[in-house]
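To start, the structure under review is shown below, and the notes come after it.
Protein chains: 2
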Amino acid sequence: MSLSEIVKADYFDFLRFPTVSADPARDQTMRDCASWLEKKFGEMGLEAEIVATAGAPVVLAKWSKGGSGKRRKVLIYGHYDVQPAEMGDGWTGDPFEPRMLDGMVVARGSTDNKGQIFAHMLGVAEAIREGGAATDVIFVVEGEEEVGSDNLEGVLRARKDDLKCDVAIISDTNMAGPNRPTLTYGLRGIAALEVELTGPSHDLHSGVYGGAVVNPITVLTRLLAGLHDEKNRVAVPGFYKKVRKVAAWERLAAKNLKVSDAEVQRQAGSPALAGEPGFSAIERIGMRPTAEINGITGGYQGPGPKTVLPSKASAKLTFRLVPHQDPREIARLVERDLKKRCPKTVKIKVTPQHGGFPYFCDPKKGFGPAASRALSQAWDGKKVHYLLEGGTIPIVSVIKKVLGVETLLVGLSLPDCRAHGPDETFPIGYLERGAKMNRALLREISEV
Amino acid sequence: MSLSEIVKADYFDFLRFPTVSADPARDQTMRDCASWLEKKFGEMGLEAEIVATAGAPVVLAKWSKGGSGKRRKVLIYGHYDVQPAEMGDGWTGDPFEPRMLDGMVVARGSTDNKGQIFAHMLGVAEAIREGGAATDVIFVVEGEEEVGSDNLEGVLRARKDDLKCDVAIISDTNMAGPNRPTLTYGLRGIAALEVELTGPSHDLHSGVYGGAVVNPITVLTRLLAGLHDEKNRVAVPGFYKKVRKVAAWERLAAKNLKVSDAEVQRQAGSPALAGEPGFSAIERIGMRPTAEINGITGGYQGPGPKTVLPSKASAKLTFRLVPHQDPREIARLVERDLKKRCPKTVKIKVTPQHGGFPYFCDPKKGFGPAASRALSQAWDGKKVHYLLEGGTIPIVSVIKKVLGVETLLVGLSLPDCRAHGPDETFPIGYLERGAKMNRALLREISEV
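Quick look at the structure:
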C-alpha cells in the first residue's frame, strides 16, 4: 500500500467505531476507540496515555524535542465521540461503514471531528518522520464533546502541568466554503433557561372555566412574544449593555465571506429571512446576540381536539451571547424580566441551565497573524477569511480559564458537510490539506 | 346483592370500558361498550339496537306504553365515550378501574357522561318495573361526543321518524353546587381550529442559524399573544359583533347562584383570576365568549436543553361562543386575523375543526316550568337555580335543527367533579337522585 492508502485505511478504521457518546450502551466502544488512538499515536512516534474519567476516557499524546533550548508548545484539541446516527434518520448507507462518493468520505464523524483531528495527527506524524515537529505538541482528544464535555475540565485541571502550553489549536469550525481557508476568531456564548408557568392546580375543562381562569399557555405566549421587540431586537432590559462594538474591518471581513442572505435562506429552507435591522444574515449569526425558543409545550398535543385549560405550560430558551456578555448575568436579566412581566394569575418558575462564555481572539494580535500565514500557505497562497461562528464551543473558554491560553480555530468543516445530520461527509483530500496546515501552523507558531 | 349493590356493580362495569373516542386504537372498545349498553337496556325492559356509523356506534333504546291514547314522548340523550386519561396526567389510580373515596366514585367518565346517563337509565328501568314510565321514551347514547359528534346528525336524520318526540332531556351540565338543583338554559357554542407554522424546511442548529432565520415558535407566540387585548377581551376583529345582550333577570339569576369569584378560584386552584372587565367569573363563563389555547407544541420537549431552531410550531385553539355567534363565521374571522398578522418568514396553515352553535332556551316558556317543578321535587323542594353553561353540547343545536324540539338540560355534574381532568369524580348517591329526577321530569312533562 502507498502511504496515502495506509492513511485512508487508518481513517476508515477510526470512523468504524460507533462512538456515540449520548448512548450509554457505548461504554466499551468508547474505550476501544481510545485504545485505538493510543496505539495510533504510539505508532506515529508520540507518547500516548489514556486518562480514565467518570465518563469516556480522554487520550493524551505528547511529543517533545527535548534538550535545553526554550521551545514553543502547542495543545491540539479534538474529540473522538460523534452525534447519534441511525439509518432511520435518512442515511443512505451504514453511518459507521465509510464510503467514498465523488472524492467525499460519507460516514458519521467524517468531518465532526474524526477527520479534522486525524489530519492534525497526520501532520505531526509526518513532521516526526522527517526529524521532528516545529514545536512541542500535546494532543487532548476527548470522548464527550457531543454531550457537554462534563469531565474534560477536571482532566485539564488535574494534568495542568503536563498541558502547559503557549496556544491551543482546534479544528472543529466551518470554513467559508470549499478551498477557502478560514480563521474563526470568535464564538458566541450561551445562556440556557427553562421557564414553567402553573395556572390552575389541575387541568380544567376549557368550556367550564374558560374566560374566568387564566390559561397559562396564553400567559406564556405573551411573556415569550415580549422577548423581542417589533424590530426583532431582544427586548430584555440590559441585554445589549455589554455587547462589544465590532470593528470596521470585521464587517468588511464578514462581507468578504460572500455568504449572501439568499444563501443562508437556501440552506435553511426558510420562506423568508428576518432579524435585527442593520445587519446581514451572516452578521446576525456571528456578531449579534439572540434569544431563541428551542421548545414550547403545554396542554393537549395528540391528534384531534381536546378542550382543556391546562395547569402548566413551559418553554426552553437559549440566548446566544457575544463579547462581553456574561451568561450568568444574562440568565439573571432574563429571569428578572420574565418574573416582572408575569401576571399574578400564574406561578412562574425559571430554571437556569448550562452557560458558556462568548469567545473572541483578535486575529491581528498574538498568534493570530501566524495562523493567517499558515492557513494561506496550506491553501496555496489563497486569501484567508475571518469568521465569527454563531455556535458555542465551551471548551475554548475552559482552556482559557484553566490553562490561560488562547485558541486558534482553524476548522476544516465545509458548510454543507451535514455534521449532526444524515450522510455526513468530508473531502478525502482535506486529510492531506489539514496535515499541511498543521505543519505550517506549528512552524509559524515556532517563529513568533 | 341488594338492588343498590347491583346498580353500583353495573355502573362500575360501564366505567371500566376505556372508551376514549379520540384514540383511533379504541374501535373494538367502543363496540364492546355499545354492546354492553344494548344488553343492559334490554335487561331494563327497553327495546335496544346498535346503529353502526363511520365512527363509533350509536345505541338507541325505546320504551312505549303502546295503545291508542296520545302520549308525550321524550328523547334522552347521553354519551358513552370519554376524554383521554393517562396515569401521567396526574391520576392517583387507574382511570378505568373505579374506586370509592368518601362516597365519591373516582374514574374517567364517572360524571361525564356515564354516571349521568346511567341515572336516567335507572329511572326509566324503575318506572318500567313499577308498571311503565309516564311518557314514551327513546334513549340516544352516542360514542363520539368528546370528538365532535361527527356521525350523530346522520343517525338523527336517518332515524327521524323513530326519534320524533316532544322534548329532549340531557344531563351533561353542571349543577350550581352539591344538592342545588339546576336548570341550564343556555350553552356556549364552540369553534375549534388548529394552526401550524413552518419556518425552515428542517430543524436547524440554533447557534449556527439563530438570529438570521426566524423561529416559528417565536412567531406563534406573537400570533397567539395577539388573540387577546390588554383587558383580556378577544382581539379578533368582528368577534363580538353578534353577541347577545343578556337580560336583567339573567344577571340576577347568575348572582343567585352564589358562586363567588373566590369559589371559582378555589375550584380551579388558580393563584388569581382575571378576565373581561365588567363581569363576574360566573358571568364570564356563561354569558361571554372566549378564546383558549388548548395545546401548544414546538421544538424540543425532552429533558435538558437541545439547541434546536425548529422547523414547525403549532397550537390547538377553541373559541367559546354565545348567541348569536356563528361558529363557521368565527372560524373564518380567526383564520383571517391569524393569516393577516402572520409574517412572510413562516408558512401558516389554519385547519378549522369541529364547530357547535351556542344554545338558548327560555326557562319561562315551553317545558321550562315543568323542568323547574321536577327538579325541585327530586331535590326535596329545594329552590331551582338557572345557569348558563360555559361548555358546549353541539348536539343540542343538532336536535333542534333535525327534530325541531328544545332540550332540557338537567345536569348532575358537580362544579369540582374534574370532568376532562385527572381523578374525575361522581357522588354515588346521585345515581338514585338522578333516577328520581328522571321520573319526576317524565311525570311533569306528561302533564304539560
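Residue numbers (this note's numbering), protein chains in the order written: chain A, 1 to 448; chain B, 1001 to 1448. By construction, the Cβ of each residue, glycine as well, lies at the ideal position given by its N, Cα and C atoms.
Going by alpha carbons, who is nearest to residue i out of the options?
i, options, result
"residue 13/A", "22/A, 62/A, 118/A, 368/A", "118/A"
"residue 1423/B", "1228/B, 1194/B, 1086/B", "1086/B"
"residue 1296/B", "300/A, 11/A, 294/A", "300/A"
"residue 327/A", "346/A, 359/A, 345/A, 349/A", "359/A"
"residue 1166/B", "1394/B, 1366/B, 1411/B", "1366/B"
"residue 1081/B", "1041/B, 1126/B, 1302/B, 1028/B", "1028/B"
"residue 1329/B", "1090/B, 1353/B, 1079/B", "1353/B"
"residue 412/A", "405/A, 401/A, 428/A", "428/A"
"residue 1076/B", "1390/B, 1448/B, 1441/B", "1441/B"
"residue 390/A", "271/A, 264/A, 306/A, 341/A", "264/A"
"residue 63/A", "158/A, 126/A, 179/A", "126/A"
In three-state terms, what does DSSP make of residue i?
i, result
"residue 250/A", "helix"
"residue 1267/B", "helix"
"residue 1105/B", "strand"
"residue 319/A", "strand"
"residue 1314/B", "strand"
"residue 392/A", "coil"
"residue 1360/B", "strand"
"residue 1454/B", "Nothing about residue 1454/B can be reported from this structure: the residues present for chain B run from 1001 to 1448 only."
"residue 1301/B", "coil"
"residue 52/A", "coil"
"residue 1325/B", "coil"
"residue 1029/B", "helix"
"residue 1077/B", "strand"
"residue 1156/B", "helix"
"residue 1286/B", "helix"
"residue 1146/B", "helix"
"residue 347/A", "strand"
"residue 67/A", "coil"
"residue 5/A", "helix"
Can you give me the C-alpha to C-alpha distance between residue i and residue j, rounded to a whole angstrom?
i, j, result
"residue 1164/B", "residue 1403/B", "7 angstroms"
"residue 1383/B", "residue 1372/B", "9 angstroms"
"residue 66/A", "residue 74/A", "14 angstroms"
"residue 1421/B", "residue 1194/B", "21 angstroms"
"residue 206/A", "residue 53/A", "52 angstroms"
"residue 281/A", "residue 1144/B", "50 angstroms"
"residue 1170/B", "residue 1208/B", "58 angstroms"
"residue 72/A", "residue 39/A", "26 angstroms"
"residue 1261/B", "residue 218/A", "20 angstroms"
"residue 255/A", "residue 284/A", "12 angstroms"
"residue 399/A", "residue 47/A", "22 angstroms"
"residue 1031/B", "residue 347/A", "43 angstroms"
"residue 104/A", "residue 1309/B", "28 angstroms"
"residue 394/A", "residue 357/A", "7 angstroms"
"residue 1088/B", "residue 201/A", "15 angstroms"
"residue 406/A", "residue 168/A", "6 angstroms"
"residue 343/A", "residue 221/A", "13 angstroms"
"residue 1036/B", "residue 1015/B", "11 angstroms"
"residue 1139/B", "residue 1321/B", "28 angstroms"
"residue 234/A", "residue 228/A", "4 angstroms"
"residue 1448/B", "residue 1135/B", "11 angstroms"
Excluding the 5 residues preceding and the 5 following residue i in the sequence, name in chain order all residues of the same chain whose CB lies nearer than 8 angstroms to its CB.
i, result
"residue 185/A", "360, 361, 362, 363, 368, 386, 387, 388, 409"
"residue 1241/B", "none"
"residue 1231/B", "1276, 1277"
"residue 1190/B", "1318, 1319, 1320, 1321, 1327, 1354, 1355, 1356, 1392, 1394"
Can you give me the Cβ contacts of residue i inside the same chain, cut-off strictly under 6 angstroms, excluding the 5 residues immediately before and after it?
i, result
"residue 437/A", "378"
"residue 83/A", "146, 420"
"residue 1196/B", "1314, 1349"
"residue 33/A", "17, 19, 80"
Within the same chain, show all residues whose beta-carbon is closer than 7 angstroms to that of residue i, passing over the 5 residues directly before and after it, in chain order.
i, result
"residue 1101/B", "none"
"residue 92/A", "423"
- prompt: What residue ranges within the region 83-139 of chain A form continuous beta strand (DSSP E) runs of no fewer than 3 residues, ordered along the chain?
  reply: Fully contained in the region 83-139 of chain A are the following beta strand (DSSP E) runs of length 3 or more, in chain order: 99-101, 104-106.
Unbroken stretches of the alpha helix (DSSP H), 4 residues or longer, contained in the region 1172-1231 of chain B: 1206-1209, 1216-1225
- prompt: Residue ranges of each alpha helix (DSSP H) run of no fewer than 4 residues wholly in the region 377-445 of chain A, ordered along the chain?
  reply: Listed in chain order, they are 394-403.
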